[in-house]
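A.B. asks: Pasting in a structure now, in structure tokens, and then I'll have a few things to ask.
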Amino acid sequence: MTMIRSELIAKISEDNPHLFQRDVEKIVNTIFDEITEALAAGDRVELRGFGAFSVKQRDARVGRNPRTGEAVEVDEKHVPFFKTGKLLRDRLNGQED
């Protein structure tokens with residue numbers, strides 16, 4: 000099952016009836032925007048118990064065109080990376096405390 004942003008907002012609104020859905024939407028969007036901006040600046044974002052977002056650098060390399068087999072230069076790039084926290088990992092593996 001996949002949860003999309005609008006479903007996350009709906010679930011949080013449902014669990015917190017004292018909050019307006021538009022306010023929950025602003026909160027969720029702000030959190031995602033802040034994480035995105037921090038990663039774009041090269042910073043690491045850690046959410047204790049959940050995990051840490053960071054950016055990893057992939058070096059330039061020579062790749063292959065899968066259709067022709069021809070060598071192709073692949074530029075250096077930065078990719079987002081997520082490492083799960085211990086509490087999340089334990090919960091996923093059925094080791095809840």
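Residue 59 in numbering that gives the first Met the number 0 sits at position 60 of the sequence shown, with consecutive numbering throughout.
We put the CB at the ideal spot given by N, CA and C, even for glycine.
1. My assumption, with CB atoms under 8 Å, is that lysine 55 sits in contact with phenylalanine 31. Please give the rounded CB distance.
2. Taking just the CA atoms, how far does valine 27 sit from isoleucine 3?
3. Looking at the strands, I want to know which residues DSSP matches up with histidine 77.
4. Which of the three DSSP states, helix, strand or coil, is assigned to alanine 51?
5. Tell me, to the nearest whole angstrom, how far the beta carbon of valine 44 is from that of isoleucine 34; I am working on the premise that it is less than 8 Å.
6. Once DSSP output is grouped into helix, strand and coil, what is the label at arginine 90?
7. Any beta carbon from chain C within less than 9 Å of threonine 1's own beta carbon?
8. In terms of alpha-carbon separation, which member of Asn15, Gln20 and Gly68 lies closest to serine 5?
C.D. replies: So, from the listed chains and residues:
1. Numbered from 1 along the sequence shown, position 56 holds the residue referred to as residue 55. Numbered from 1 along the sequence shown, position 32 holds the residue referred to as residue 31. Actually they do not touch by this definition, with Cβ atoms about 20 Å apart.
2. Position 4 of the sequence shown, counted from the first residue, corresponds to residue 3. Position 28 of the sequence shown, counted from the first residue, corresponds to residue 27. Linking isoleucine 3 to valine 27 through their CA atoms gives a straight-line distance of about 12 Å.
3. Taking the sequence shown and counting its residues from 1, the one referred to as residue 77 is at position 78. DSSP, once it has assigned bridges, lists Gln56 as partnering histidine 77.
4. What you label residue 51 is simply residue 52 of the sequence shown in a count that begins at 1. Strand, per DSSP.
5. The count along the sequence shown starts at 1 and reaches residue 44 at position 45. The count along the sequence shown starts at 1 and reaches residue 34 at position 35. With a Cβ gap of about 5 Å, valine 44 and isoleucine 34 count as contacting.
6. In the sequence shown, the residue the question calls residue 90 occupies position 91. Arginine 90 falls in the helix class under three-state DSSP.
7. Considering every chain present, this structure includes no chain C. It has just one protein chain.
8. Residue mapping note: residue 5 aligns to position 6 of the sequence shown, counting from 1. Ranking Asn15, Gln20 and Gly68 by Cα distance to serine 5 puts Gln20 first.
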